[in-house]
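See structure below.
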Amino acid sequence: MTNYRLGPWLVTIAALLWAVDAPFRKFLTGDLPSSTIVLMEHILIAVLVLVFLFKYLAELKNLQWKEWLAVVFIGLGGSALATVFFTQSFHYLNPTVAILLQKLQPLIAIGLAAWILKENLSKKFWLWTIVAIFGAYVVSFPNLQPTGLTLNANGLGVALALGAAFLWGGSTVFGRLVLRKVSFQSMTAIRFLSALVFLLLLNLFNGDLSQVGSASSKDWFYVFIIAVLAGFVSLFVYYKGLQSTKASIATLCELAFPVAAVVVNWIFLDAVLTPMQILGGLILLFAITRLTIVNETEAKEKAV
Numbered sequence: 001m002t003n004y005r006l007g008p009w010l011v012t013i014a015a016l017l018w019a020v021d022a023p024f025r026k027f028l029t030g031d032l033p034s035s036t037i038v039l040m041e042h043i044l045i046a047v048l049v050l051v052f053l054f055k056y057l058a059e060l061k062n063l064q065w066k067e068w069l070a071v072v073f074i075g076l077g078g079s080a081l082a083t084v085f086f087t088q089s090f091h092y093l094n095p096t097v098a099i100l101l102q103k104l105q106p107l108i109a110i111g112l113a114a115w116i117l118k119e120n121l122s123k124k125f126w127l128w129t130i131v132a133i134f135g136a137y138v139v140s141f142p143n144l145q146p147t148g149l150t151l152n153a154n155g156l157g158v159a160l161a162l163g164a165a166f167l168w169g170g171s172t173v174f175g176r177l178v179l180r181k182v183s184f185q186s187m188t189a190i191r192f193l194s195a196l197v198f199l200l201l202l203n204l205f206n207g208d209l210s211q212v213g214s215a216s217s218k219d220w221f222y223v224f225i226i227a228v229l230a231g232f233v234s235l236f237v238y239y240k241g242l243q244s245t246k247a248s249i250a251t252l253c254e255l256a257f258p259v260a261a262v263v264v265n266w267i268f269l270d271a272v273l274t275p276m277q278i279l280g281g282l283i284l285l286f287a288i289t290r291l292t293i294v295n296e297t298e299a300k301e302k303a304v
């Protein structure tokens, strides 16, 4: 099978691996603080990426202060805080809703990139942005009115999930900046290692560092699945597939993630979406797919 044909399958496999995350993460939130769960993830991943750091250490000399600021944002924001926000949202929100809201990341990434580069966005972009935001709103508030207790609990979960989406979307933009100077392997290493330092300090400040040592073998096994299978392995499978897959095709393949997540969370967590949330999710996914295709088409037209 050629790389051209294999690429979309690899992106799809990575998307399916992402869906494995939620049941294990939900279980862990009952035993450990969110920041501790994410710290344990980064401890395991740090062991793996240290190999890359030693091999590609010389590349770090190419980074200027702007790239280092981007690394700080990616490590602290995109790797540490975003994952803590996402994990914490499970306390207040249906995990499937939190996952669907992450589909706003491409919108955030495109918008931030245009703002940083001072580019004008087309009318089509704004049209599909409005549709996507409407879909996200329906998913978050299926009664279409965030009032009373819904705003206090569900609204907090939505805010945390959206915060994670913003930080992950921003990391995509700043990641492209860093990748101009270093390899993907090198950036991955410094991303997770810088996040590990921040998470150690955060848990020390919160007095939760001892929780790492008292975690059960089952906790560590679940963290291993999240960090290695749904995190580390899926990341490399995804980027390997992305090398030979157009952005528009990759976006379609990535739809395997929310679809699989709906099924997995329904089976293992009994997390069911209401008919209105399903409608909102379909609107959101369709709008984001169209937005990505429009963005790719316009980028090609500018390049001509």
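Just so we're aligned: 291 in full-length UniProt numbering is position 291 of the sequence shown, and the numbers increase by one with no gaps anywhere. Think of the CB as a built atom: it goes at the ideal place given N, C-alpha and C, for glycine as much as any other residue.
- Within the same chain, and ignoring the five residues on either side of Gly75 in sequence, the residues whose Cβ sits closer than 6 Å to its Cβ are Arg191, Ser194 and Ala195.
- Around Tyr222, the same chain offers Phe24, Phe27 and Leu28 as residues with beta carbons nearer than 7 Å, after the five sequence neighbours per side are excluded.
- Sequence-distant partners of Ala215 (beyond 5 residues in either direction) whose C-beta falls short of 7 Å from its own C-beta, in its chain, are Leu32 and Met40.
- The closest CA to that of Asn152, considering only Val272, Leu93 and Phe52, is found on Leu93.
- As the crow flies, the alpha-carbon of Arg5 is around 15 Å from that of Ser248.
- Annotation: the continuous alpha helix (DSSP H) that includes Glu67 extends over Trp65 to Val72.
- Along the length of the UniProt domain "EamA" (7-140), whole beta strand (DSSP E) runs at least 3 residues long do not occur.
- Under the DSSP assignment, Ser214 falls in the alpha helix (DSSP H) whose first and last residues are Ser210 to Ser214.
- Note on geometry: alpha-carbon atoms of Val47 and Leu144 lie some 45 Å from one another.
- Distance from the CA atom of Thr245 to the CA atom of Pro8, rounded to whole angstroms, is 6 Å.
- In the DSSP assignment, Asp219 falls within the unbroken alpha helix (DSSP H) covering Ser217 to Phe224.
- The criterion of a C-beta distance shorter than 7 Å is satisfied by Ala189 and Val49.
- For a cut-off of 8 Å, the C-beta gap from Gly280 to Pro95 is around 16 Å, too long to register as a contact.
- Exclusion of the five residues before and after Ile99 leaves Ala22, Pro258 and Ala261 as the residues of its chain whose Cβ lies within less than 7 Å of its Cβ.
- In this structure, the alpha-carbon of Val173 lies about 28 Å from that of Phe224.
- Cα atoms of Ile293 and Phe205: separation of roughly 44 Å, rounded to the nearest angstrom.
- Taking the Cα of Leu209 as reference, the smallest distance to any Cα among Lys300, Ser34, Ile45 and Leu285 is reached at Ser34.
- Here Ala58 is exposed: its Cβ has fewer than 16 other Cβ atoms, across all protein chains shown, within 10 Å.
- The C-beta distance from Leu81 to Leu167 rounds to 6 Å, short enough to fall under 8 Å.
- Scanning Thr83, Val158 and Ile108 for the CA closest to the CA of Ile130 turns up Ile108.
- The shortest CA-to-CA distance from Leu199 to any of Ala113, Ile43 and Val158 is the one to Ile43.
- In this structure, DSSP gives Gly207 a state outside helix and strand, which the three-state scheme calls coil.
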